[in-house]
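In my numbering, the protein residues as written are 4 to 264. We put the beta carbon where it would ideally sit given N, CA and C, even for glycine. Note that this is a predicted model, so its numbers are computed, not measured. See structure below.
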Amino acid sequence: MIRAHGIKKNYGVRTVLNGIDFVAERKKITYILGSSGGGKSTLLKILIGALKPDDGQVFFHEMDITKLRGTGLDPFRKKIGMLFQQGALLNSLTVGENISLPIREHTPLDDNIIKIMVKMKLELVGLRDFEDLYPGQLSGGMQKRVALARALALDPEVVFFDEPTSGLDPIVSSVITKLISDLNRVLGITCIVVTHAVEEAMKIANKIVILYKGMVLAEGTPAEIRGSSDPIVQQFITGSPDGPISFHASSRDFREDLLVE
Ligand SMILES: Nc1ncnc2c1ncn2[C@@H]1O[C@H](COP(=O)(O)OP(=O)(O)O)[C@@H](O)[C@H]1O
Ligand SMILES: [Mg+2]
């Protein structure tokens, strides 16, 4: 359903993505794993058409969305939802108003219908009757769920998630992960998740794609990835400080090493 081909992206002299190829299948959950600073958000922005790659194509139903500009992207945008890493809710609007924004923007539906749609989306994320609260009155996990309800507002075919559980405690993280799995199973939504949370991917992914130094290091089912004999893959999934991936003890972060020279 989404096919990336030879995606390259530089920021100035720095190469962040150096030829990414993968396929995310329809109605499946694809996890793209990479370390912090490894270019995950950059790749996601390219996949949703928000950022142009320096090279390569992204096909959505055989349409190359990297060729589309401005309003040309609208038909594609209507079919996708995006859960941003920072939630990106508007604090001056209620939960209900936040969720209704994309519906008002893209459809001519009247207020009563929109109200019902908002209620349905909140029900889907387990937040019935929360529409009149403001984002500031909700916990981080609840804000994530509201952002997810908004991503679902236009009944997307595909939802993209950027680090959906980062900054959340383990229990709330599992709730969000289960929600992604449920949305996929119950509504048949194609889910594409970028994260560094390996265990989460192992639990619910149909396919895992591991990014390393701007390229795809490995691709397969969780079982295939676990069974990989590649020492870099093994270090990646076990998070061990010892192995082929060098590690800056001071930053506790692979950031610099994962960039292509
Ligand atoms: N707009 C930008 N201009 C310059 N450098 C950027 C920009 N966005 C991201 N970067 C850099 O590119 C690298 C990859 O960033 P990002 O895609 O956000 O990684 P991730 O989401 O995996 O943490 C980082 O080193 C980051 O600092
Ligand atoms: Mg990121």
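query: What is the DSSP secondary structure of residue 168, reduced to helix, strand or coil?
result: coil
query: Ordered along the chain, which non-local residues of its own chain (more than five positions away) have a Cβ less than 8 Å from that of residue 21?
result: 11, 216, 217, 218, 263
message: Once the 5 residues before and after residue 153 are set aside, which same chain residues still bring their CB inside 6 Å of it?
response: 101, 102
- prompt: Which residue's Cα is closest to the Cα of residue 156: 139, 198, 112?
  reply: 112
field: Per DSSP, cross-strand counterpart(s) of residue 3
entry: For the chain, the structure presents residues 4 to 264; residue 3 sits outside this window and is missing.
- prompt: Between residue 224 and ligand 1, is the CB less than 7 Å from at least one heavy atom?
  reply: no
- request: Check the C-beta distance from residue 43 over to residue 193 and give it rounded, since I have them as a contact under 8 Å.
  value: Actually they do not touch by this definition, with Cβ atoms about 18 Å apart.
query: For residue 79, does the three-state DSSP call read helix, strand or coil?
result: helix
query: Excluding the five sequence neighbours on either side, which residues of its own chain have a C-beta within less than 6 Å of the C-beta of residue 151, listed in chain order?
result: 86, 128
query: Between the C-alpha atoms of residue 121 and residue 106, what's the straight-line distance to the nearest angstrom?
result: 9 Å
- prompt: Is it buried or exposed for residue 146, if we count other Cβ within 10 angstroms and need 16 for buried?
  reply: buried
task: Quick one: measure Cβ to Cβ for residue 180 and residue 137, integer angstroms, because I've assumed they're closer than 8 Å.
output: At roughly 26 Å, the Cβ-Cβ gap does not stay under 8 Å, so residue 180 and residue 137 are not in contact.
field: Cβ shell of residue 88 (< 6 Å), same chain only, five flanking positions each side left out
entry: 165, 166
- prompt: Based on the DSSP output, what are the partners of residue 13 in its beta bridges?
  reply: 18
message: I need the boundaries of the alpha helix (DSSP H) containing residue 36, first residue and last residue.
response: Segment 32 to 36 is the beta strand (DSSP E) holding residue 36; no alpha helix (DSSP H) there.
query: Do residue 109 and residue 81 have their C-beta atoms closer together than 8 Å?
result: yes
- prompt: How would you write the range of the alpha helix (DSSP H) that residue 189 sits in, first residue to last?
  reply: 173 to 190
message: Let's test the definition: count the other Cβ atoms within 10 Å of the Cβ of residue 176 and tell me whether it reaches 16, buried, or not, exposed.
response: buried
- prompt: Is it right to say residue 56 is buried, meaning 16 or more other beta carbons lie within 10 angstroms of its own, or is it exposed?
  reply: buried
query: Mind checking whether the beta-carbon of residue 82 lies closer than 7 Å to any heavy atom of ligand 1?
result: no
task: For ligand 1, enumerate in chain order all residues having a CB closer than 5 Å to any of its heavy atoms.
output: 14, 19, 39, 40, 41, 42, 43, 44, 45
- request: Per DSSP, which residues does residue 219 bridge with? Please list them.
  value: 214
- prompt: Between the Cα of residue 33 and the Cα atoms of 236, 244, 206, which residue gives the shortest distance?
  reply: 206
query: From residue 70 to residue 7, what distance separates their C-alpha atoms?
result: 13 Å
query: Alpha carbon to alpha carbon, how far is residue 47 from residue 158?
result: 20 Å
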